[in-house]
Ligand SMILES: [Zn+2]
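This is the structure we're talking about:
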């Protein structure tokens, strides 16, 4: 009986094959032999398998209070916040007596100084946390949206620290003044910097840029970032982002320029994705690095729309705003909430960062937002007579500052 059924099935199958034309001779003539023997197209190089990277939520206590043999304890104390500009890769180009020298001396640190700062922070038990994990939006008892401070669960004995890097756009003026040119993806799938050394040779490195240096430091000292956090990158838009010229320009726009812009957009996408995968986050520094204390509402609105269109579209939504020049909107944001502040809050921003003399933060009562100040390791504070008072908990400025490379200017300490 079983055999009969199989036979019937076979006949049915043959009929269906004939009907569907499967048994017919192919209509197309086979390609000439030379095409068959032509060498096959080389396969594209295989994409490297990215090393796994773990990001952990610091607001959740690990089960039993222990993770990887480390005891975690709740923390509600101050979270320190340091911000950096891009670091000087080649001091001989930065400090060459041109008109940019003084500004770079004031607001930047060198690669050597940055490495020393990282080591000092590590030795003093600081650990990185992401700014986005420190506060969260909640609903108050009155039913209003409000920001609240999260309890962070930290390895016992460690102190939480936020890093932010401003203006990681690789502005053209930086390229000729001793900074790296752009971020690229290496053959190993990791982020590298590209640039030219003082002799004009191309240099691809992980030792010349604050982003790759921190990546490497965390690879070598995973306990400096137990949750996988790196820094929040504060981006403008007027010269593109991360070294890619993704911006529009109101003048002389041509189809060629638009095509070039689209190529840059495609090129930066995998860089953004890899940064996000490895603990970096993004915030707005406004599109045009505009002063929020002195520009009118119309300018601020159009600038913000441009940032959202040209930068937000590439890095994803963010709730973090870094005031350009540290300038607070509406004549102050701590004691009052003005039109500009309200506008940014409506646009989704919740954490508003300025610059100050301590890592001050304040949850506003009248609107769902937090304001916070950041400290700024740079030439001004390394030379300052307040270096010990304000930065002594992080490092000894005397051991950090590279007076050999920097221009001869006064220091305020003994
Ligand atoms: Zn800036």
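Numbering (the numbering used here), first residue to last: 18 to 431.
By construction, the Cβ of each residue, glycine as well, lies at the ideal position given by its N, Cα and C atoms.
Practice task
Quick one: measure Cβ to Cβ for residue 197 and residue 225, integer angstroms, because I've assumed they're closer than 8 angstroms.
Solution key: Counting from one through the chain shown, the residue named residue 197 turns up at place 180. Counting from one through the chain shown, the residue named residue 225 turns up at place 208. 5 angstroms between Cβ atoms; contact.
Spatial distance of residue 83 from residue 407 (CA atoms): Position 66 of the chain shown, counted from the first residue, corresponds to residue 83. Position 390 of the chain shown, counted from the first residue, corresponds to residue 407. Each residue's Cα considered, the two are about 34 angstroms apart.
**OP:** Between the Cα of residue 411 and those of 95, 137 and 71, spot the shortest distance and give me the residue it belongs to.
**Re:** As a first step, residue 411 must be located in the chain shown, where it is residue number 394. Checking every option, the nearest Cα to that of residue 411 belongs to 137.
message: Taking 6 angstroms as the cut-off, is the beta-carbon of residue 341 closer than that to any non-hydrogen atom of ligand 1?
response: Here residue 341 is taken as the residue at index 324 of the chain shown, counted from 1. At least one heavy atom of ligand 1 is nearer than 6 angstroms to the Cβ of residue 341, so yes.
With residue 251 as the anchor, note down where its beta strand (DSSP E) starts and where it stops.
Position 234 of the chain shown holds residue 251. Counting along the chain, the unbroken beta strand (DSSP E) around residue 251 starts and ends at 249-252.
Exercise. Please classify residue 319: is it buried, with 16 or more other beta-carbons within 10 angstroms of its beta-carbon, or exposed?
Key: Locating residue 319 in the chain shown gives position 302, where the first residue counts as 1. Here residue 319 is exposed: its Cβ has fewer than 16 other Cβ atoms, across all protein chains shown, within 10 Å.
Q) How would you call residue 349, buried or exposed, if buried means at least 16 neighbouring beta carbons within 10 angstroms? A) Along the chain shown, read from residue 1 onward, the residue named residue 349 stands at position 332. It counts as exposed.
_What I want to know is whether the C-beta of residue 183 ends up closer than 6 angstroms to one or more non-hydrogen atoms of ligand 1._
As a working mapping, residue 183 is identified with position 166 in the chain shown. Yes; taking the cut-off as 6 angstroms, the Cβ of residue 183 has a heavy atom of ligand 1 nearer than that.
According to DSSP, which residues form a beta bridge with residue 298?
In the chain shown, residue 298 corresponds to position 281, counting from 1. Its beta-bridge partners are 249.
Could you tell me whether the Cβ atoms of residue 128 and residue 104 are closer together than 7 angstroms?
Locating residue 128 in the chain shown gives position 111, where the first residue counts as 1. Locating residue 104 in the chain shown gives position 87, where the first residue counts as 1. For residue 128 and residue 104, yes; Cβs fall inside 7 angstroms.
(request) Please report how far the alpha carbon of residue 422 lies from the alpha carbon of residue 108, in whole angstroms. (result) In the chain shown, residue 422 corresponds to position 405, counting from 1. In the chain shown, residue 108 corresponds to position 91, counting from 1. Roughly 6 angstroms between the two C-alpha positions.
**Asked** Nearest to residue 394 by alpha carbon, out of 379, 381, 385 and 375?
**Response** The residue you call residue 394 lines up with position 377 of the chain shown. The shortest Cα separation from residue 394 among 379, 381, 385 and 375 belongs to 375.
Decide if the region 173-192 is in contact with the region 139-150; the criterion is three or more beta carbon pairs, one per stretch, under 8 angstroms apart.
-> Yes, since at least three Cβ pairs between the region 173-192 and the region 139-150 fall closer than 8 angstroms, the two stretches touch.
Report the partner residues of residue 170 according to the DSSP bridge assignment. For the purposes of this step, residue 170 is taken as residue 153 along the chain shown, with counting starting at 1. BP columns for residue 170 point to 91.
Q. Which runs of the beta strand (DSSP E), 3 residues or longer, sit entirely within the region 118-179?
A. Counting whole runs of 3 or more residues, the region 118-179 contains the beta strand (DSSP E) stretches 143-145, 152-156, 162-166 and 169-172.
| What number of angstroms, rounded off, separates the C-alpha of residue 46 from the C-alpha of residue 330? | Indexing the chain shown from 1 puts residue 46 at position 29. Indexing the chain shown from 1 puts residue 330 at position 313. Annotation note: pLDDT 48 at residue 46 (below 50); position unreliable, no value reported.
What does the Cβ neighbour count give for residue 402, buried or exposed, with the cut at 16 atoms within 10 Å? Against the chain shown, residue 402 aligns to sequence position 385. Answer is exposed; the Cβ neighbour count stays below 16.
Buried or exposed (CB count within 10 angstroms, at least 16 for buried), residue 52:
As a working mapping, residue 52 is identified with position 35 in the chain shown. In this predicted model, residue 52 has a pLDDT of only 47, less than 50, meaning its place in the structure is not dependable; the value taken from the coordinates is given anyway. Residue 52 counts as exposed, since fewer than 16 other beta carbons sit within 10 angstroms of its beta carbon.
Could you pull the start and end residues of the beta strand (DSSP E) that residue 338 belongs to? Along the chain shown, read from residue 1 onward, the residue named residue 338 stands at position 321. For residue 338, the enclosing beta strand (DSSP E) has its first and last residue at 337-339.
| task | Tell me whether residue 347 sits in a helix, a strand or coil according to DSSP, three-state version. | result | Locating residue 347 in the chain shown gives position 330, where the first residue counts as 1. In the three-state scheme derived from DSSP, where H, G and I count as helix and E and B as strand, residue 347 is classed as helix.
> So residue 298 and residue 81 are in contact, right, with Cβ under 8 angstroms, and what is the actual spacing, rounded?
Replying inline: In the chain shown, the residue the question calls residue 298 occupies position 281. In the chain shown, the residue the question calls residue 81 occupies position 64. Not confirmed; about 29 angstroms, so no contact.
Straight-line gap, residue 240 to residue 266 (C-alpha atoms, nearest Å):
Taking the first residue of the chain shown as position 1, residue 240 is located at position 223. Taking the first residue of the chain shown as position 1, residue 266 is located at position 249. Taking the straight line from one Cα to the other gives about 44 angstroms.
Assess contact between the region 149-167 and the region 253-271, defined as three or more Cβ pairs (one per stretch) separated by less than 8 angstroms. Is contact present? The region 149-167, when compared against the region 253-271, does not touch it at the 8 angstroms Cβ threshold.
Alpha-carbon spacing of residue 373 relative to residue 271, whole angstroms: As a working note, residue 373 is residue 356 in the chain shown. As a working note, residue 271 is residue 254 in the chain shown. Roughly 43 angstroms separates the two Cα atoms.
task = List the endpoints of the continuous alpha helix (DSSP H) containing residue 319.
result = Within the chain shown, residue 319 is the residue found at index 302, counting from 1. Segment 314-324, the alpha helix (DSSP H) holding residue 319.
- prompt: For residue 71 versus residue 245, is the C-beta spacing smaller than 7 angstroms?
  reply: In the chain shown, residue 71 corresponds to position 54, counting from 1. In the chain shown, residue 245 corresponds to position 228, counting from 1. Yes, the Cβ-Cβ distance between residue 71 and residue 245 is below 7 angstroms.
Review point. What is the DSSP secondary structure of residue 110, reduced to helix, strand or coil?
Key: Within the chain shown, the letter at position 93 stands for residue 110. In the displayed model, residue 110 falls within a helix according to three-state DSSP.
Look at residue 181 and residue 251 and say whether their C-beta atoms are less than 7 angstroms apart. Numbered from 1 along the chain shown, position 164 holds the residue referred to as residue 181. Numbered from 1 along the chain shown, position 234 holds the residue referred to as residue 251. It is a contact, given that the beta carbons lie within the stated cut-off.
For residue 221, is the classification buried or exposed, using 16 other Cβ atoms within 10 angstroms of its Cβ as the cut-off for buried?
Reading the chain shown from its first residue, position 204 is the one you call residue 221. Exposed: under 16 other Cβ atoms inside 10 Å.
Contacting residues, own chain, Cβ-Cβ under 6 angstroms from residue 332 (five flanking each side not counted):
Here residue 332 is taken as the residue at index 315 of the chain shown, counted from 1. Taken in chain order, the residues that qualify are 289 and 299.
- Message: Output needed for residue 354: all residues of its chain with C-beta closer than 6 angstroms, excluding positions within five of it in sequence on either side, in chain order.
- Response: Counting from 1 along the chain shown, the entry for residue 354 is found at position 337. Around residue 354: 383 and 384.
Can you tell which of 326, 248 and 280 has its C-alpha closest to the C-alpha of residue 295?
-> In the chain shown, residue 295 corresponds to position 278, counting from 1. Looking at the Cα atoms, 248 is the closest of the given residues.
Practice prompt. Measure the CB-CB distance between residue 326 and residue 258 and report whether it falls below 7 angstroms.
Written response: Locating residue 326 in the chain shown gives position 309, where the first residue counts as 1. Locating residue 258 in the chain shown gives position 241, where the first residue counts as 1. Contact flag unset, no.
Going along the chain, which residues of its own chain have a beta-carbon closer than 8 angstroms to the beta-carbon of residue 420, five neighbours each way excluded? Taking the chain shown and counting its residues from 1, the one referred to as residue 420 is at position 403. Result list for residue 420: 428, in chain order.
Checklist entry - Just the Cα atoms here: how many angstroms apart are residue 73 and residue 243? => result Start at 1 with the first residue of the chain shown, and residue 73 comes out as number 56. Start at 1 with the first residue of the chain shown, and residue 243 comes out as number 226. Cα-Cα distance, rounded: 8 angstroms.
Below 8 angstroms CB to CB, which residues in the same chain sit around residue 153 once its five sequence neighbours on both sides are set aside? Looking up residue 153 in the chain shown gives position 136. Only 76, 164, 165 and 167 meet the Cβ criterion.
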